[in-house]
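I have placed the structure first, in the form of structure tokens, so that the comments after it can refer back to it.
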Amino acid sequence: MSKAPKTSAGNFFEDFRLGQQIRHATPRTVTTGDVAVYNGLFGPRFAVQSSDTFARAVGYPRAPVDDLLVFHIVFGKTVPDISLNAVANLGYADCRFLKAVYPGDTLNAVSDVIGLKENSNRKTGIVYVRTRGYNQDGAEVLSYVRWVMLRKRDENAAPPGELVPELPKDIAPAKLGAACPPINTAGYDNVLAGSPHRFGDYRVGEKVDHSAGVTVEDAEHMIATRLYQNTARLHFDHFTGSQGRFGRRLIYGGHAISLARSLSFNGFANAFHVTAINGGRHVAPLFAGLTVFAWSEVLAAADIPKRNDVGALRLRTIATKDRLCADFPFRSADDYDPAVILDLDYWVLMPK
Amino acid sequence: MSKAPKTSAGNFFEDFRLGQQIRHATPRTVTTGDVAVYNGLFGPRFAVQSSDTFARAVGYPRAPVDDLLVFHIVFGKTVPDISLNAVANLGYADCRFLKAVYPGDTLNAVSDVIGLKENSNRKTGIVYVRTRGYNQDGAEVLSYVRWVMLRKRDENAAPPGELVPELPKDIAPAKLGAACPPINTAGYDNVLAGSPHRFGDYRVGEKVDHSAGVTVEDAEHMIATRLYQNTARLHFDHFTGSQGRFGRRLIYGGHAISLARSLSFNGFANAFHVTAINGGRHVAPLFAGLTVFAWSEVLAAADIPKRNDVGALRLRTIATKDRLCADFPFRSADDYDPAVILDLDYWVLMPK
Amino acid sequence: MSKAPKTSAGNFFEDFRLGQQIRHATPRTVTTGDVAVYNGLFGPRFAVQSSDTFARAVGYPRAPVDDLLVFHIVFGKTVPDISLNAVANLGYADCRFLKAVYPGDTLNAVSDVIGLKENSNRKTGIVYVRTRGYNQDGAEVLSYVRWVMLRKRDENAAPPGELVPELPKDIAPAKLGAACPPINTAGYDNVLAGSPHRFGDYRVGEKVDHSAGVTVEDAEHMIATRLYQNTARLHFDHFTGSQGRFGRRLIYGGHAISLARSLSFNGFANAFHVTAINGGRHVAPLFAGLTVFAWSEVLAAADIPKRNDVGALRLRTIATKDRLCADFPFRSADDYDPAVILDLDYWVLMPK
């Protein structure tokens with residue numbers, strides 16, 4: 078009999094080492110079934126992902142899988158190894174979508190520990206990982222850095238190392254678009270896509286209220302989070318959660334990102350591809366029963382070197398709970414508006 | 078920068094014109110994933126749609142997509158353009174299913190404005206549209222008329238036209254069955270289909286209690302409605318809804334239709350295809366937490382010219398909330414029984 | 078017009094006969110969509126079912142459908158004929174998975190009445206059936222016995238027969254593994270599968286706490302149960318249920334089995350296949366809002382004759398509601414711990 082425990086309690090801060098590489102379980106074949114469940118939960122309407130016919134007309138071999146579904150599946154694999162004992166998911170950086178994923182592709186994930194920093198209280202520490210998602214051919218489909226605050230198993234354990242990596246605040250336009258084939262902009266039908274506004278129609282500083290709101294149910298976020306095979310317990314266990322800090326289940330932060338992305342269709346219907354995420358902050362927790370609204374600001378508009386088909390818009394999307402966004406709630410003085418739950422900084426592609 | 082607003086607030090009564098044609102976003106490839114989500118939400122058991130093997134034995138190339146799922150997806154596309162500012166969805170007429178839809182087909186929708194009538198209060202008006210759904214080959218799969226009451230943006234705006242179209246009260250048998258291939262009635266296995274009763278076993282006036290009830294949850298109707306990419310806000314936004322007329326989210330009327338259709342299996346298991354909808358009325362709103370029951374009456378039984386394989390039954394299906402249907406609740410004096418939520422008049426096909 | 082009633086009220090005790098064979102409606106093509114909905118509801122992470130690539134590397138042609146999803150679909154078909162009037166689902170025996178099921182396969186089910194026993198109160202009786210599930214080629218994929226207590230329609234009806242069948246308490250190792258192709262154990266990647274522990278690493282008597290808990294929502298168990306086309310009314314009808322014994326909807330017993338199986342990944346990640354169920358008892362009802370935990374004990378470890386690739390572990394998995402399992406709650410004196418809801422005795426396969 079093996080001496081290793083059968084039940085994994087997850088890793089604690091002192092279990093990580095700089096340079097350590099972790100291959101994650103469980104490989105996952107993504108199917109049109111996963112896409113349908115995702116569509117039922119979030120209702121995205123971007124035409125490229127919705128229609129094989131539309132996708133082919135603009136240059137894809139068929140409708141690709143929604144970028145955020147790819148992100149959530151890759152992220153989900155890392156949870157049992159990286160963040161089962163997380164106190165907080167602190168941030169994301171340098172997230173780039175590198176290759177389109179299609180139904181039938183099988184995803185797996187590998188993480189490298191690129192930073193460690195014990196907190197001064199010696200009870201917790203921050204782990205930085207670079208996670209890469211791969212398809213069945215070994216091609217990299219996604220790469221991102223995230224950092225989480227983890228508990229130590231033993232407060233007296235020596236820090237496992239100390240290095241705070243330098244991370245880019247944003248991703249340069251030259252690094253965008255890798256997952257997007259050449260787009261036939263003449264074949265891109267604005268009417269079917271739902272908006273006359275293409276890349277050139279947006280200006281930096283423009284703010285758009287996405288207007289609609291969507292209430293979240295416990296069944297929904299649990300179905301979504303299980304679909305990603307994300308096992309973080311605080312999303313699923315009301316019994317334990319009811320005795321804890323929030324008194325209930327906490328919703329996976331990625332749920333708010335997907336809700337906000339779907340809402341953003343009203344204003345950015347032609348932003349058919351999320352090509353990169355510069356950073357994101359889950360400003361406040363989201364719980365079932367609350368209604369999510371969102372608005373976005375165009376932070377930048379960039380050409381991508383050697384591409385005349387698409388341009389990149391850098392967006393800040395702010396999501397709120399139980400708070401309409403017609404007046405673009407964001408920050409007051411030094412802090413976020415108390416209704417804000419998400420501050421996401423990302424690049425989308427639009428046809429020119 | 079384009080001057081058109083980025084966020085669509087939907088169309089108001091005075092935005093429509095007689096003869097106007099609207100091509101709707103977003104094309105949608107229907108997959109076995111969509112079918113599975115639909116099955117999880119409604120639990121239909123009609124053998125033709127459930128089994129590729131059964132479908133092939135009777136003459137289909139494979140299991141077709143449930144007729145009502147096709148209806149909901151086509152309907153959903155029209156919402157952002159037609160009914161985002163609807164006060165009420167008043168009725169349907171002349172709805173015919175024209176071609177079977179299979180997983181892999183891509184649906185899109187086009188509507189023609191065929192009628193306009195301002196109400197005497199000048200605050201609202203009624204818009205009549207003929208909506209057609211098409212597959213990726215441009216073949217028409219569905220055609221129906223609906224009329225909705227819309228708010229005016231500006232009460233002083235001139236009426237955009239006035240024409241109340243003549244609509245058929247029912248669809249003639251000669252127009253039925255277009256989406257149904259020739260059925261091999263000898264290959265149709267009554268036992269696997271769940272009932273010994275074929276077309277000839279029903280008589281006009283016969284009433285059938287479907288007996289079971291099903292409670293609706295908010296997560297369910299929202300997942301369904303998003304699956305159809307139907308964006309009507311009152312189904313999703315509890316925050317705004319809680320301050321409104323009903324104090325909560327209102328369930329998409331089509332949800333009750335699908336629930337009633339699934340319940341009707343117990344009594345009409347061999348009604349394998351909804352071929353047309355003569356008309357339908359959402360008599361009262363449905364909310365989460367209520368339990369839906371249903372019963373049906375055979376209004377007519379008709380042969381279809383030149384077809385010996387199937388006959389058509391015209392059914393009235395009544396759905397109720399929190400009310401058993403053993404005594405067939407319908408109308409008392411001039412009004413509906415207060416428990417009735419749906420009065421649907423439609424044609425189904427049954428093997429002879 | 079046929080004289081048989083159109084609405085089925087289900088069978089009562091006196092409607093069954095020894096030796097009677099019942100072919101059940103509705104045949105069902107299982108798709109990757111069904112798999113995705115199942116994954117969203119239960120979050121299984123066993124690599125063989127999750128990944129086509131992993132499945133091929135170990136010897137399957139592609140990822141097979143989760144064994145319990147196959148069980149639930151076959152079981153669901155029997156409900157309208159066998160258990161619509163069940164007072165209680167008393168037990169299972171001799172359940173063997175005989176052939177792997179893949180997306181695209183069509184399942185149907187046939188039951189033989191193998192036992193009948195009227196209860197002394199003459200109001201109810203017990204019916205024993207052997208149910209077999211078949212694929213589209215007529216190959217048997219699953220076989221099991223279950224017995225249910227049914228009401229009599231007429232208390233004065235004569236007992237329809239009396240025979241209590243002898244049922245095996247457990248299934249011999251020689252009968253295991255029929256649905257499992259030869260496994261290439263060298264191609265089985267422990268890291269991707271999520272655990273270093275193979276067959277030889279477990280010892281009889283070993284207990285494992287699966288540690289995590291998952292709360293059940295009404296929307297979830299209804300979606301699952303409809304996905305299986307299981308029509309037992311007490312799972313769906315809150316209106317009637319609120320006036321009954323439990324005051325609410327009762328969750329399908331199989332829901333707890335699937336939850337426990339998914340939780341058991343943490344401890345038995347390489348138990349990639351449920352090959353047989355010796356018996357199971359739904360010790361107490363489960364309701365929405367409760368949180369399910371689970372632990373397992375290794376009851377036996379057996380070689381399978383002529384197979385060197387995999388071994389069989391006999392597990393008892395205990396699921397509880399609102400009760401952590403670190404101390405392995407099971408029985409106190411002669412009765413189960415009041416938190417226990419499920420006692421399942423089954424065989425899983427693990428690579429050697």
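Residue numbers (the numbering used here), protein chains in the order written: chain A, 78 to 429; chain B, 78 to 429; chain C, 78 to 429. Beta carbons: idealized from backbone N, C-alpha and C, even for Gly. Note that this is a predicted model, so its numbers are computed, not measured.
- Closer than 7 Å at the C-beta level to chain B, one finds these residues of the segment 289 to 312 of chain A: A289, G290, V291, T292, E294, A296, E297.
- In this structure, the straight-line span from the alpha carbon of E243/C to that of T368/A is close to 57 Å.
- Under the three-state reduction of DSSP, G324/A is assigned to coil, being neither helix nor strand.
- Fully contained in the segment 224 to 302 of chain C are the following beta strand (DSSP E) runs of length 3 or more, in chain order: 284 to 286.
- In summary, the residues of the segment 211 to 226 of chain C whose CB is separated from some CB of chain B by less than 7 Å are Q213, in the order they occur in the chain.
- Residue nearest to D399/B within the set A416/B, D412/B, E217/B is A416/B (criterion: CA-CA distance).
- Distance from the CA atom of R303/A to the CA atom of I248/A, rounded to whole angstroms, is 30 Å.
- What F407/B touches in chain C, judged by beta-carbon distance under 7 Å, is nothing: the nearest beta carbon there is about 17 Å away.
- Within chain A, no residue has its beta carbon less than 7 Å from that of G321/B; the closest one is some 12 Å off.
- Under the DSSP assignment, F174/A falls in the beta strand (DSSP E) whose first and last residues are 163 to 174.
- A straight-line Cα-Cα distance of about 48 Å links G330/A and T84/C.
- By the neighbour-count criterion, in which a residue is buried when 16 or more other Cβ atoms sit within 10 angstroms of its Cβ, E239/C is exposed.
- For the pair V187/B and R105/B, the CB atoms are not nearer than the 7 Å cut-off.
- DSSP places A124/A inside the alpha helix (DSSP H), whose first and last residues are 124 to 127.
- Contacts with chain B (Cβ-Cβ distance below 7 Å) from the segment 99 to 119 of chain C involve R100, A102, T103, P104, R105, T106, T108, T109, G110, D111, A113, V114, listed in chain order.
- Separation of the CB atoms of S341/C and T292/C is rounded to 18 Å, and the pair is thereby denied contact status at 8 Å.
- Look at K398/B here: in three-state DSSP terms it is strand.
- Neighbourhood of F131/C in chain A, by CB distance below 7 Å: P104, in chain order.
- Of all residues in the segment 167 to 187 of chain B, only P180, G181, T183, L184, N185 place a beta-carbon less than 9 Å from a beta-carbon of chain A.
- Proximity of the segment 116 to 133 of chain B to the segment 163 to 178 of chain B falls short of the contact definition, fewer than three beta-carbon pairs being nearer than 8 Å.
- Between T84/B and chain C, the shortest Cβ-Cβ separation is not below 7 Å.
- The C-beta distance from V351/A to D182/A rounds to 17 Å, too long to fall under 8 Å, and the pair is not in contact.
- Here H312/B carries a helix assignment [DSSP, helix/strand/coil].
- Taking 7 Å as the cut-off, the beta carbon of A337/A is found closer than this to the beta carbon of A371/A.
- Separation of T103/B and N212/A (C-alpha to C-alpha, rounded to the nearest whole angstrom) is 28 Å.
- Assignment of L421/B by DSSP, reduced to helix, strand and coil, places it in the strand class.
- For L340/C, the closest Cβ of chain A is not nearer than 7 Å.
- For the pair L390/B and F174/B, the Cα-to-Cα distance works out to about 15 Å.
- Excluding five sequence positions before and after R139/C, the CB atoms of its chain that fall closer than 7 Å to its own CB belong to D129, A132, R133, Y179, given in chain order.
- Chain C places no beta carbon closer than 7 Å to that of D278/A, leaving this residue out of the contacts.
- Residues of the segment 381 to 409 of chain A that bring their beta carbon within less than 9 Å of a beta carbon in chain C are absent altogether.
- Between the C-alpha atoms of V112/C and N198/C there is a straight-line separation of about 44 Å.
- R228/C is the residue among E195/C, R228/C, Q98/C, D214/C whose C-alpha sits nearest the C-alpha of N88/C.
- If you look at I381/A, you'll find it isn't in any beta strand (DSSP E); DSSP assigns it neither H nor E.
- What L240/C touches in chain A, judged by beta-carbon distance under 7 Å, is nothing: the nearest beta carbon there is about 43 Å away.
- Using a CB distance cut-off of 7 Å, D314/A counts as an interface residue toward chain C.
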